[in-house]
Every structure is written in structure tokens, then in C-alpha cells.
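With the working numbering, the residue at position 287 of the first sequence is 419, and numbering never jumps.
Report on one structure; see the data block that follows.
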Amino acid sequence: MLDINWIKANPAAFDAALKERKNVPFTASQLIEMDESRRTAIAAVEEAQAKRNALSKQIGQAKAQKDEARAQALMDEVAQLKDAIQAGEATRKEAEDKLRGALAIIPNIPLDEVPRGADESDNVEYFGRNGSPETAAKNRPARPTFSFKPKEHFETGEALGQMDFEVAAKISGSRFVVLKSHLARLERAIGQFMLDLHVDAHGYTEVEPPYLVKDDALYGTNQLPKFEEDLFFVPHGEGRLALIPTAEVPLTNFVRDSILSEDELPLRLTALTPCFRSEAGSAGRDTRGMLRQHQFNKVEMVAITTPEASGEEHEKMLSDAEDVLKQLGLHYRVMMLSTGDMGFGAQKTYDLEAWLPGQDTYREISSVSVCGDFQARRMDARYRDKDGKIRHVHTLNGSGVAVGRALIAVMENYQQEDGSVLVPDALQSYMKGLKSIGARS
RNA sequence: GGAGAGGUGGCAGAGUGGUCGAAUGCACCGCACUCGAAAUGCGGCGUGGGGGCAACUCCACCGGGGGUUCGAAUCCCUCCCUCUCCGCCA
133 MLDINWIKAN PAAFDAALKE RKNVPFTASQ LIEMDESRRT AIAAVEEAQA
183 KRNALSKQIG QAKAQKDEAR AQALMDEVAQ LKDAIQAGEA TRKEAEDKLR
233 GALAIIPNIP LDEVPRGADE SDNVEYFGRN GSPETAAKNR PARPTFSFKP
283 KEHFETGEAL GQMDFEVAAK ISGSRFVVLK SHLARLERAI GQFMLDLHVD
333 AHGYTEVEPP YLVKDDALYG TNQLPKFEED LFFVPHGEGR LALIPTAEVP
383 LTNFVRDSIL SEDELPLRLT ALTPCFRSEA GSAGRDTRGM LRQHQFNKVE
433 MVAITTPEAS GEEHEKMLSD AEDVLKQLGL HYRVMMLSTG DMGFGAQKTY
483 DLEAWLPGQD TYREISSVSV CGDFQARRMD ARYRDKDGKI RHVHTLNGSG
533 VAVGRALIAV MENYQQEDGS VLVPDALQSY MKGLKSIGAR S
């Protein structure tokens, strides 16, 4: 949620900044007009309320003095205000709802350094603050070479008899997978390894959050009101709960409706959870394999910071995610998303794309975003700074990383010509020392 | 799921229809005393919004929503949550 006062002060910047973002339904002048109506309505109703309060106070005094005649006269007078107040309040609510509803579907303003562009073809490769293609090549795992034609993960998995889409379809339909045996264990190992890494080496607090959340929480992290069709809901009492599409939802909402003190920041949380997405708009995309599923596991990182610290925290979070891929020996690149490719709530997003030799391409395996105070305004998450001033926090979130996609990357990068898959060094202790997953395992 | 009790400021805890945004204590901030600190004394100390250059002023908020009333923290309805007991249960 953007600040209407900021829009009022910077209408041209608002219109210019959101030009590159998709589906921005309002101009600054429209929003400013809504705000004018809102404030007019507030002024009207508050004037009537002030009058009513003053008269009511006099009634109390008159009654205390046993002056019933005067009390009655005042009561008659104030009774006439009642309709005006009720009507005024309705007008006010309508005006406020209209403005809030409009602001709720307006995406965040990209930071200046974000490349302007229409879609992912305008994304720009990123090598770090002081990085270059050379330093990146030196510091990241190299792209593997193969003496045979590498297979896609589902070919390998099905040949191993440990990845089963048919059984999954029987049980749950399309976009589900069943993992078995050592591949199931490898999936578990990857998740445990990543979670441990963020907790032990990167300073995050491990969290086991609820997987079912309320609409309010979804609103706070931007899934509602605009992206309802991407979610799974279950009925609950008179209402409903949603299955989390990402642990970002429960973790970020930790700070909803609260005023933190500055020395509690930064707050760094991580969780390994299943994620549930209906993938409503992606019919026909990535239908083969387990790249795009209705359910997958993911390790999520969330950070809550001061406005001053969020930029640096974003770089840290990126490097925390990169560390996972480095330790797993997976070749990757980092893309800074263009304005047209960024998510709704982001000010700036880095995507980590792992090299998938079976697909002969890079695929997104992590997305790390800084949201500024956009979510904080929606959640009313604030902190008291050193001078006692209350300000909105900044929020960041990033995958660290998607477990299912990491499994794909491991399977494709560590595959052998005989169809077996080597276990990366970092995972062997999680696999009881197992070094290779073969057909007989 | 049933019965009962409760939800008030950072915390504890008064307040059952009018001058209550709310006593008191703790915590916190400033000042005085002190070499310094403690103790003590004095003062300050909620959030959001409207108006105003400002001083300031008005409105709303006592779990959420709705209602009664000239007037609601206080009365009524409803929902949520917490606690105790019972039932069920991984």
C-alpha cells in the first residue's frame, strides 16, 4: 500500500514510476481526488460530532443541576444532529473504502536502479554491488560439462523408479508428484540442509509457522485482494482459511499491528514449509516434471528492518540464498528483474536462476525482494526509532531456496551417464553418507 | 463441542451511563539533589486521523463488528481470543 500523502506530494513521479508496471488502474490525480472527497467527508462528520459532544456535555451539567427544562431543550437540539451524523458517517466510510480499495490494488514503486522494461527479456544480469562477470565466474560454481546428452529431471527420476507422476495423479490429479526412497530422502535432506545453513550461519531464527492463514494476513503480504485465484482455501466455521502459498505470509505477519523498538531490528526469520498454489493462470506451462506444482516445499527467509538498513539487508539476503547454491555446487546466475517482471509488492527483486543442463537453460530457483514500507503499511507494522519517532518498518523476503526446484537442479547437474545421481558433498551427512542414488537404491 | 470467568495504555491494574483517553503502581524520559550512582522530589509520558505556518484544536479508538441513548470503557447483540472445568483427540 502506497502512502497517499506521498502520491499527493509526487504525482508526476507516481505516474511515471508506475507506467512500466502492468495493470495500474489509477492515475495520481484520480487518487488525489478520492482523497479530497474523503477529507471533505471527514470534516463534515467531525464538525457535527463536535457539536453533539459539546451539547451532550451541557446536558450532563444541566441534569447535574436538576435543570430539567434546560436539559430537555438541549436534547431536542442535539437530536436534530443525529441524522446528519449518521449520513455523514456513511459518506465518510464510503469515501475511505473507495480510496483504500484503490490503493490496495496499486503495485509498489520500483527503486531507481531497477531496469525499466516490459517483461523478463528486459531483466539485467546482476553480479553484486562491486561485482563483475569475472568476479561472478570466479566465486560461483562453474557450469558442468557432460560427455553425454544430459536428461531432464523427470526422465532420470522416473527411470530410477523414485519419482512418480502417475500415482500422484491417481491420488490428487495433475501438478502433484510422489517421491520415493532415496529421492524422497534427498528432498528432505535439501530442505534440512538449507534451513540449518540459514539458522547456523546466516543469523535467522527458525520458525515453524501455521500453514493455514486468515484473509487479514494475506492482505498484509499482498496476496489479497488482487491474487485470490492463486490460492487454495478451506472452509472454516463461517469463514475460510487459506493454505499458505509461501511462508512469507505467516513470517512477515509476525509484526502486524505492532510497534517494535529499534533494537529488536533487524528481525530475521526462516522456515521450511510446504507451499500451495493453484497455478490458475499457468495452464499449459511447465506441465512436465515437478517444476510447477500445486504443492512444494520451500525454505523462506524474511527480514524486518529499518528503512535505512533495507538496501543492505537485501544484498545480504541475496548472498544468503546464493550461499545455498554455492554449497550445493550448483551453477547459477542472478537477474535483477525489470519493472515489468517484478511482483506486485516489490521495490526491487533479484532472481536466482540455476542452470538446468537437461533443459539447457537457467530456471528460477529463488526470488529475493525488498518491499520497502509497502507491506508494513498494509499490516500496520511500525517501530519506534532512537528519537522516539514511530515509522513503518521495511520488509524483505526471499526463497532460500525452493526445495523442489533445488532437487531438480541437483538431479540434472549431478546426473551420471548410467542414470544415477551423485549426492552433493554438503548433503551426504543428511543422507547417512550415501554418495550416489542409483537404480537399485 | 459444552459450562463458567475474563479481554482496559509498554506491563500490572482501577473504573457499571455524563467533566473518563481513562485512577494508581511499575517501566521509560527530563529536571533537581549527588563527585557519580542509588534513593527521594518535581514534571512528562498512548495510537490514528481532520484543521492550522505555528501555538494549538477537533474527531475516533478501552479485543473486532453492530445496536440502544442527547451521551457508552460502562447497557444489549454478535464474532474472535485467553483462562478454568468437562467431553473428544494426534
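Glycine residues also receive a C-beta, built at the ideal position from the N, C-alpha and C atoms.
Taking C-beta to C-beta, are residue i and residue j nearer than 8 Å?
i: residue 133; j: residue 506; result: yes
i: residue 352; j: residue 523; result: no
i: residue 314; j: residue 544; result: no
i: residue 463; j: residue 502; result: no
i: residue 427; j: residue 297; result: no
i: residue 139; j: residue 318; result: no
i: residue 589; j: residue 403; result: No statement about residue 589 is possible, as the shown extent of the chain runs from 133 to 573 and does not include it.
i: residue 163; j: residue 156; result: no
i: residue 567; j: residue 555; result: yes
Do you know whose CA, among the options, lies nearest residue i's CA?
i: residue 221; options: 176, 451, 447 and 467; result: 176
i: residue 452; options: 531, 338 and 463; result: 531
i: residue 328; options: 250, 350, 431 and 391; result: 431
i: residue 526; options: 436, 519, 560 and 459; result: 436
i: residue 397; options: 225, 464, 434 and 481; result: 434
i: residue 499; options: 486, 368 and 295; result: 486
i: residue 206; options: 337, 215, 367 and 194; result: 194
i: residue 268; options: 455, 201, 302 and 199; result: 455
i: residue 399; options: 334, 366 and 156; result: 334
i: residue 517; options: 554, 394 and 534; result: 394
i: residue 301; options: 355, 419 and 381; result: 419
i: residue 337; options: 147, 156, 293 and 386; result: 386
i: residue 238; options: 556, 256, 355 and 488; result: 355
i: residue 582; options: 556, 489 and 519; result: Outside the shown range of the chain, which is 133 to 573, sits residue 582, and nothing can be said about it.
i: residue 520; options: 413, 392 and 381; result: 392
i: residue 382; options: 469, 287, 405 and 229; result: 405
i: residue 287; options: 225, 198 and 549; result: 549
i: residue 289; options: 561, 536, 560 and 565; result: 536
i: residue 223; options: 178, 262 and 371; result: 178
i: residue 561; options: 458, 325, 413 and 465; result: 325
Assuming residue i and residue j are in contact, meaning their beta carbons sit under 8 Å apart, how far apart are those beta carbons, in whole angstroms?
i: residue 283; j: residue 547; result: 6 Å
i: residue 471; j: residue 265; result: Not really, about 24 Å apart at Cβ, beyond 8 Å.
i: residue 152; j: residue 305; result: Wrong, their Cβ atoms sit about 37 Å apart, outside the cutoff.
i: residue 388; j: residue 291; result: The Cβ separation is near 47 Å, so there is no contact.
i: residue 310; j: residue 401; result: With 8 Å as the limit, residue 310 and residue 401 do not qualify as a contact, their Cβ atoms being about 30 Å apart.
i: residue 357; j: residue 227; result: Wrong, their Cβ atoms sit about 18 Å apart, outside the cutoff.
i: residue 558; j: residue 460; result: 6 Å
i: residue 323; j: residue 429; result: 5 Å
i: residue 136; j: residue 231; result: 7 Å
i: residue 166; j: residue 234; result: 6 Å
i: residue 321; j: residue 563; result: 5 Å
i: residue 201; j: residue 191; result: Actually they do not touch by this definition, with Cβ atoms about 12 Å apart.
i: residue 534; j: residue 551; result: Going by Cβ atoms, the distance from residue 534 to residue 551 rounds to 25 Å, so no, they are not a contact pair.
i: residue 240; j: residue 508; result: Actually they do not touch by this definition, with Cβ atoms about 11 Å apart.
i: residue 469; j: residue 255; result: 5 Å
i: residue 482; j: residue 258; result: 6 Å
For residue i, which residues from the same chain have a beta carbon less than 7 Å from its beta carbon, with the 5 sequence-adjacent residues on both sides left out?
i: residue 181; result: 217
i: residue 161; result: 143
i: residue 390; result: 513
i: residue 449; result: 433, 435, 500, 528 and 530
i: residue 187; result: 206, 209 and 210
i: residue 213; result: 180, 183 and 184
i: residue 159; result: 147
i: residue 458; result: 272 and 273
i: residue 331; result: 338 and 402
By Cβ distance, which residues of its chain are closer than 6 Å to residue i, with the 5 residues on each side in sequence left out?
i: residue 480; result: 243, 246 and 502
i: residue 252; result: 473
i: residue 169; result: 227
i: residue 366; result: 373
i: residue 189; result: none
CB-CB under 8 Å to residue i, same chain, minus the five flanking residues each way: which ones, in chain order?
i: residue 491; result: 284 and 544
contact_flag[the segment 529–546, the segment 494–503] where n(CB pairs < 8 Å) is 3 or more = The answer is yes - the segment 494–503 touches the segment 529–546, with three or more Cβ pairs under 8 Å.
At least 3 beta-carbon pairs within less than 8 Å: the segment 336–354 vs the segment 372–382 | Below 8 Å, enough C-beta pairs join the segment 336–354 and the segment 372–382 to call them touching: three or more.
The segment 269–288 in contact with the segment 171–190 per 3-pair CB rule at 8 Å = Touching, no.
Do three or more CB pairs link the segment 391–410 to the segment 360–370 at distances below 8 Å?
-> The segment 391–410, when compared against the segment 360–370, does touch it at the 8 Å Cβ threshold.
Contact the segment 439–456 vs the segment 415–429: 3+ CB pairs below 8 Å | With contact defined as three or more Cβ pairs closer than 8 Å, the segment 439–456 and the segment 415–429 are not in contact.
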